[in-house]
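K.L.:
The C-terminal position of the sequence shown is numbered 354 in the numbering used here, with every residue numbered one higher than the one before it.
Ideal Cβ positions, reconstructed from N, Cα and C, are used throughout, including at glycine.
From a predicted model like this one, the values you see are computed outputs, not experimental measurements.
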Amino acid sequence: MKHIQINASRNYEVLIGRNLLKDAGKWIANVLKPCKLCIITDDTVAKLYAEPLHASLKEEGFELCQYVFAHGELSKNVTTYSQILEYMASENLTRTDAVVALGGGVTGDMAGFAAASYLRGIPFIQIPTTLLAAVDSSVGGKTGVNLESGKNLVGAFWQPSLVLCDCDTFKSLSYDLMLDGISEAIKYGAIVDSVLFDFIAQEDIFSDSVLEQITAHCVRIKSEVVEEDEKETGRRQLLNFGHTVGHAIEKCSHYTISHGHAVAIGMLIAARAAFKLGYSKENCAPAIEESLKKYRYPLHCPYTAKELAAVALNDKKRSGQEITLVLPSVIGECYLQKTKISELEHFIAQGLSE
Ligand code: GLY
Numbered sequence: 001m002k003h004i005q006i007n008a009s010r011n012y013e014v015l016i017g018r019n020l021l022k023d024a025g026k027w028i029a030n031v032l033k034p035c036k037l038c039i040i041t042d043d044t045v046a047k048l049y050a051e052p053l054h055a056s057l058k059e060e061g062f063e064l065c066q067y068v069f070a071h072g073e074l075s076k077n078v079t080t081y082s083q084i085l086e087y088m089a090s091e092n093l094t095r096t097d098a099v100v101a102l103g104g105g106v107t108g109d110m111a112g113f114a115a116a117s118y119l120r121g122i123p124f125i126q127i128p129t130t131l132l133a134a135v136d137s138s139v140g141g142k143t144g145v146n147l148e149s150g151k152n153l154v155g156a157f158w159q160p161s162l163v164l165c166d167c168d169t170f171k172s173l174s175y176d177l178m179l180d181g182i183s184e185a186i187k188y189g190a191i192v193d194s195v196l197f198d199f200i201a202q203e204d205i206f207s208d209s210v211l212e213q214i215t216a217h218c219v220r221i222k223s224e225v226v227e228e229d230e231k232e233t234g235r236r237q238l239l240n241f242g243h244t245v246g247h248a249i250e251k252c253s254h255y256t257i258s259h260g261h262a263v264a265i266g267m268l269i270a271a272r273a274a275f276k277l278g279y280s281k282e283n284c285a286p287a288i289e290e291s292l293k294k295y296r297y298p299l300h301c302p303y304t305a306k307e308l309a310a311v312a313l314n315d316k317k318r319s320g321q322e323i324t325l326v327l328p329s330v331i332g333e334c335y336l337q338k339t340k341i342s343e344l345e346h347f348i349a350q351g352l353s354e
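1. Is there contact between the segment 313-330 and the segment 144-152, where contact requires at least three CB pairs shorter than 8 angstroms?
2. Give me whichever residues DSSP pairs with Tyr356 in a beta bridge.
3. The alpha helix (DSSP H) spanning Val329 covers which residue range?
4. Do Phe62 and Ile28 come within 9 angstroms of each other at the CB atom, strictly closer than that value?
5. At a threshold of 8 angstroms, does Ser137 count as lining the ligand GLY (C-beta to nearest heavy atom)?
6. Quick one: is the Cβ of Val219 within less than 8 angstroms of any heavy atom of the ligand GLY?
7. Answer yes if the segment 113-121 comes into contact with the segment 200-216, meaning at least three C-beta pairs across the two stretches below 8 angstroms, and no otherwise.
8. State the beta-bridge partners of Arg359 as determined by DSSP.
9. Please check if any C-beta of chain C sits within less than 9 angstroms of the C-beta of Val226.
10. Please tell me whether, using a cut-off of 8 angstroms, the distance from the CB of Lys142 to the nearest non-hydrogen atom of the ligand GLY is below it.
11. Is Glu322 near the ligand GLY - that is, is its Cβ less than 8 angstroms away from at least one heavy atom of it?
12. Give me the DSSP bridge partner(s) of His3.
13. For Ile348 and Glu322, which I take to be in contact (beta-carbon distance under 8 angstroms), what is that distance rounded to the nearest angstrom?
14. Buried or exposed, going by whether 16 or more other CB atoms sit within 10 Å of the CB of Thr79?
15. Run through DSSP, which three-state label would Gly376 get?
16. Roughly how many whole angstroms lie between the Cα atoms of Trp158 and Asn92?
17. Give me the residue from His71, Leu336 and Phe124 with the minimum Cα distance to Arg318.
18. By the 10 Å Cβ neighbour count, where 16 or more other Cβ atoms means buried, how is Asp180 classified, buried or exposed?
19. If Gly105 sits next to Ala133, beta carbons under 8 angstroms apart, how far is it from one beta carbon to the other, in whole angstroms?
20. Buried or exposed, going by whether 16 or more other CB atoms sit within 10 Å of the CB of Lys142?
21. Does the Cβ of Pro286 have 16 or more other Cβ atoms within 10 Å, making it buried, or fewer, making it exposed?
22. Can Asn7 be considered in contact with the ligand GLY, in the sense that its beta carbon sits closer than 8 angstroms to one or more heavy atoms?
23. Please report the Cβ distance between Lys187 and Gly242, rounded to the nearest whole angstrom; I am assuming they are in contact, meaning their Cβ atoms lie under 8 angstroms.
24. What residues in its chain sit with their C-beta under 6 angstroms from that of Tyr361, if we drop five residues either side in the sequence?
25. Curious, which full-length alpha helix (DSSP H) runs of at least 4 residues does the segment 153-222 contain?
26. Rounded C-beta distance between Val163 and Val139? I'm assuming under 8 angstroms.
27. Could you round the C-beta distance between Leu102 and Val45 to whole angstroms and report it? I think they count as a contact, below 8 angstroms.
28. For a test of the three-state rule: what should DSSP assign to Gly246, helix, strand or coil?
29. Any heavy atom of the ligand GLY within a distance shorter than 8 angstroms of the CB on Lys151?
30. Can you tell me whether Lys166 is buried or exposed, with buried defined as 16 or more other CB within 10 angstroms of its CB?
31. Are Glu51 and Gly25 close, meaning C-beta to C-beta below 9 angstroms?
32. I want to check one thing, is the minimum distance from the CB of Lys58 to the heavy atoms of the ligand GLY below 8 angstroms?
33. Which same chain residues end up closer than 7 angstroms to Asp23 when comparing Cβ atoms and leaving out the 5 residues on each side of it in sequence?
34. Is the beta carbon of Leu292 less than 9 angstroms from the beta carbon of Leu268?
35. Helix or strand or just coil, what does DSSP make of Ile122?
36. Cys252 by DSSP, collapsed to three states: which one?
So this is what it looks like as structure tokens:
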């Protein structure tokens with residue numbers, strides 16, 4: 001098992017290994033005193049993993065309650081969030097109790113935001129069960145929900161007390177759900193680590209031990225970035241590579257195109273446009289496209305530059321009349337480029353055409 005320490009406004013460990021769920025109670029008891037735990041999960045994950053998790057938590061003497069919502073990005077909204085808060089209140093959770101997020105990115109973000117805001121903040125534990133949540137969203141304390149106007153437009157930075165990542169849970173994921181995580185791993189390679197990028201592009205990463213290694217590698221990169229810039233005023237913005245256009249694609253598709261698939265297309269559009277417009281030293285698009293094609297990502301974008309730009313301008317990355325884009329200069333090195341919002345449509349149009 002790998003232990004990765006995150007030093008942020010709250011210090012915590014990310015534990016990455018196999019068969020960890022059965023010992024979840026033991027690991028959580030190391031960081032929380034006996035209390036009531038509110039497990040927040042979706043209907044798919046509850047069927048798979050709630051039982052062993054409950055057994056392990058009860059063994060350590062934790063009192064339990066559980067809120068289950070309908071799986072999927074469409075549940076990540078203010079209504080579900082408010083229902084979770086009402087449930088927590090009905091269970092009389094106090095400031096010495098805690099939330100356990102069991103599931104993928106939607107669950108972690110929403111449960112984390114409930115923990116961040118209920119009684120002005122109670123502790124929470126992340127138990128990611130998807131590759132996407134393990135390599136990215138469960139670490140670093142970004143929590144939130146979507147608004148009608150756009151993705152993740154309301155939320156808080158609220159660090160967990162522990163992240164417990166049992167890589168055996170990835171075995172229940174469909175190929176498409178695995179792709180959602182792989183694009184985030186490719187992102188880490190593209191922004192800071194060409195060796196990781198080449199590894200994912202060339203090797204078969206589906207073996208158990210390799211997935212565990214890659215998860216740990218991505219979490220180490222994320223820990224270093226988050227420690228330097230927890231509140232995303234600078235370097236952490238690099239982690240948004242592919243996300244400005246990616247979020248716009250998700251929103252335009254009414255979330256039928258998933259986050260990881262949208263980010264894959266978003267990275268390619270950003271890389272193509274960056275080279276065509278003379279921002280990048282090298283054309284990084286062919287290498288990114290080759291890696292994405294190896295994993296058979298659907299790379300066709302069904303929206304126009306005008307549609308995407310209109311939605312992207314609601315994105316958090318906008319500040320006044322400018323939007324910060326993350327662009328690759330070479331594979332393994334990205335930088336932040338402020339761009340006038342009036343130029344965004346042209347930028348996206350350049351990225352849409354090969
Ligand atoms: N997913 C990007 C970040 O955590 O900053």
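P.N.:
On the basis of the supplied data:
1. Cβ pair count under 8 angstroms is three or more, so yes.
2. For residue 356 there is no data in the structure shown, the boundaries of the chain being 1 and 354.
3. Within the sequence shown, the letter at position 329 stands for residue 329. Correcting the residue type first, residue 329 is Ser in the shown sequence and not Val. For Ser329, no alpha helix (DSSP H) segment is defined; the enclosing uninterrupted segment is the beta strand (DSSP E) at Glu322 to Val330.
4. By one-based count along the sequence shown, residue 28 stands at place 28. By one-based count along the sequence shown, residue 62 stands at place 62. Taking 9 angstroms as the Cβ cut-off, Ile28 and Phe62 qualify as a contacting pair.
5. Against the sequence shown, residue 137 aligns to sequence position 137. For Ser137, the shortest C-beta to heavy atom distance toward the ligand GLY is below 8 angstroms.
6. Taking the first residue of the sequence shown as 1, we reach residue 219 at position 219. Flag unset: Cβ of Val219 not near the ligand GLY.
7. Cβ pair count under 8 angstroms is below three, so no.
8. Residue 359 falls outside the range modelled here, since the chain spans only 1 to 354, and no answer is possible.
9. Here there is only one protein chain, and chain C is not present.
10. Position 142 of the sequence shown, counted from the first residue, corresponds to residue 142. Because some heavy atom of the ligand GLY lies under 8 angstroms away, the Cβ of Lys142 counts as near it: yes.
11. Counting from one through the sequence shown, the residue named residue 322 turns up at place 322. Not one heavy atom of the ligand GLY lies closer than 8 angstroms to the C-beta of Glu322.
12. Residue numbering aside, residue 3 sits at position 3 when the sequence shown is read from its first letter. Looking at the DSSP assignment, His3 forms a beta bridge with Leu15.
13. Counting from one through the sequence shown, the residue named residue 348 turns up at place 348. Counting from one through the sequence shown, the residue named residue 322 turns up at place 322. Cβ-Cβ separation between Ile348 and Glu322: approximately 16 angstroms, too far for a contact (criterion under 8 angstroms).
14. For the purposes of this step, residue 79 is taken as residue 79 along the sequence shown, with counting starting at 1. Counting other Cβ atoms within 10 Å of its Cβ, Thr79 stays below 16 and is therefore classed as exposed.
15. Here the chain comprises residues numbered 1 to 354, so residue 376 is not present and cannot be evaluated.
16. For the purposes of this step, residue 158 is taken as the residue at position 158 of the sequence shown. For the purposes of this step, residue 92 is taken as the residue at position 92 of the sequence shown. Distance between the alpha carbons of Trp158 and Asn92 is about 21 angstroms.
17. For the purposes of this step, residue 318 is taken as residue 318 along the sequence shown, with counting starting at 1. Distance check between Arg318 and each of His71, Leu336 and Phe124 places Leu336 closest, using alpha-carbon atoms only.
18. On the sequence shown, residue 180 is found 180 positions in, with the first residue counted as 1. It is buried - the Cβ of Asp180 has at least 16 other Cβ atoms within 10 Å.
19. By 1-based counting over the sequence shown, the position of residue 105 is 105. By 1-based counting over the sequence shown, the position of residue 133 is 133. Confirmed, about 5 angstroms.
20. Here residue 142 refers to the residue found at position 142 of the sequence shown. When all chains shown are included, Lys142 counts as buried.
21. In the sequence shown, residue 286 corresponds to position 286, counting from 1. Exposure of Pro286 is indicated by the presence of fewer than 16 other C-beta atoms within 10 angstroms of its C-beta.
22. Translated into positions along the sequence shown, residue 7 becomes position 7. It does not: the Cβ of Asn7 is nowhere closer than 8 angstroms to a heavy atom of the ligand GLY.
23. Looking up residue 187 in the sequence shown gives position 187. Looking up residue 242 in the sequence shown gives position 242. At roughly 6 angstroms, the Cβ-Cβ gap stays under 8 angstroms, so Lys187 and Gly242 are in contact.
24. This structure cannot speak to residue 361, because the chain is shown only from 1 to 354.
25. Unbroken alpha helix (DSSP H) stretches of 4 residues or longer found wholly inside the segment 153-222: 175-192 and 194-202, given in chain order.
26. Position 163 of the sequence shown, counted from the first residue, corresponds to residue 163. Position 139 of the sequence shown, counted from the first residue, corresponds to residue 139. Yes, Val163 and Val139 are in contact; Cβ-Cβ is about 6 angstroms, under 8 angstroms.
27. Counting from 1 along the sequence shown, the entry for residue 102 is found at position 102. Counting from 1 along the sequence shown, the entry for residue 45 is found at position 45. The beta carbons of Leu102 and Val45 sit about 6 angstroms from each other, so the pair counts as a contact at 8 angstroms.
28. Here residue 246 is taken as the residue at index 246 of the sequence shown, counted from 1. In the structure shown, the three-state DSSP call for Gly246 is helix.
29. Start at 1 with the first residue of the sequence shown, and residue 151 comes out as number 151. When distances are taken from the beta-carbon of Lys151 to the heavy atoms of the ligand GLY, even the shortest one reaches 8 angstroms or more.
30. Taking the sequence shown and counting its residues from 1, the one referred to as residue 166 is at position 166. Reading off the sequence, residue 166 comes out as Asp, not Lys. Under the 10 Å beta carbon count, Asp166 is surrounded by 16 or more other beta carbons and is classified as buried.
31. On the sequence shown, residue 51 is found 51 positions in, with the first residue counted as 1. On the sequence shown, residue 25 is found 25 positions in, with the first residue counted as 1. The answer is no: Cβ separation not under 9 angstroms.
32. As a position in the sequence shown, residue 58 is number 58, starting the count at 1. False, no ligand heavy atom lies under 8 angstroms from that Cβ.
33. Residue numbering aside, residue 23 sits at position 23 when the sequence shown is read from its first letter. So the qualifying residues of the chain are Ser56.
34. Indexing the sequence shown from 1 puts residue 292 at position 292. Indexing the sequence shown from 1 puts residue 268 at position 268. Yes, Cβ-Cβ distance for Leu292 and Leu268 is below 9 angstroms.
35. Looking up residue 122 in the sequence shown gives position 122. In the three-state DSSP reduction, Ile122 falls in the coil class, being neither helix nor strand.
36. Along the sequence shown, read from residue 1 onward, the residue named residue 252 stands at position 252. It is helical.
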